[in-house]
Amino acid sequence: MVKKINHIAIIVKDIETALIPYREGLGLKETEVEFVESFNVRLVFLSIGDTQIELIQPLGDEGDLVEFLQKTGGGLHHIAVEVENIHKTLQNMEDLSIEMKDRSPRPGAHNSIVAFAKPEGFEGVTLEFVQPAKVSN
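Per the numbering used here, numbering through the sequence shown is continuous, rising by one, with the last residue being 154.
Structure (structure tokens):
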């Protein structure tokens, strides 16, 4: 079911400022900054081995991520695990009575589909389930 940790997400006020210590201090390479309309965010990924750090900048004046940023000033938001079949994963969560923020998958970064579990189901940790886009040859 779960293949690996896909990424660790950090909410930031400004992507360009937040990138400096990762790029210049740690020497990490970033992807292009991407706008994800379904979440109203700008984001960028930094590779570390087989996983990534995702920096997320919420846009607009409302929403869960804006509230998180206002409440905490930014920081660790969630851990994303890569799954083979997100629909089966969501059914498993329902069977276990684990509450989901998303009852159905929605579009994520890099044409993936994603769904978030509420932190109460995982001892206070918000998990994102990610099914990457199929690569066509």
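Glycine included, each C-beta is placed from N, C-alpha and C at the ideal position.
Keep in mind that this is a model prediction, so the values were computed, not measured.
When the five nearest sequence neighbours on each side are left out, the beta carbons in the same chain lying within less than 8 Å of the beta carbon of E54 are those of P124, in order along the chain. Look at the region 44 to 96 and you find these whole runs of alpha helix (DSSP H), each 4 residues long or longer: 81 to 89.
Take the alpha-carbon of G44 and the one of P38: they are about 8 Å apart. Collapsing the DSSP output to three states places K118 in coil.
The way I'd put it, the region 72 to 89 does touch the region 47 to 64; three or more beta-carbon pairs between them come closer than 8 Å. L113 sits exposed, since fewer than 16 C-beta atoms from the chains shown fall within 10 Å of its C-beta. H104: member of the alpha helix (DSSP H) spanning I103 to D112, first to last residue. In the DSSP assignment, E145 falls within the unbroken beta strand (DSSP E) covering L144 to Q148. E99 carries a strand assignment under DSSP once its states are collapsed to helix, strand and coil. A buried status is given to V131, since no fewer than 16 other beta-carbon atoms sit within 10 Å of its beta-carbon.
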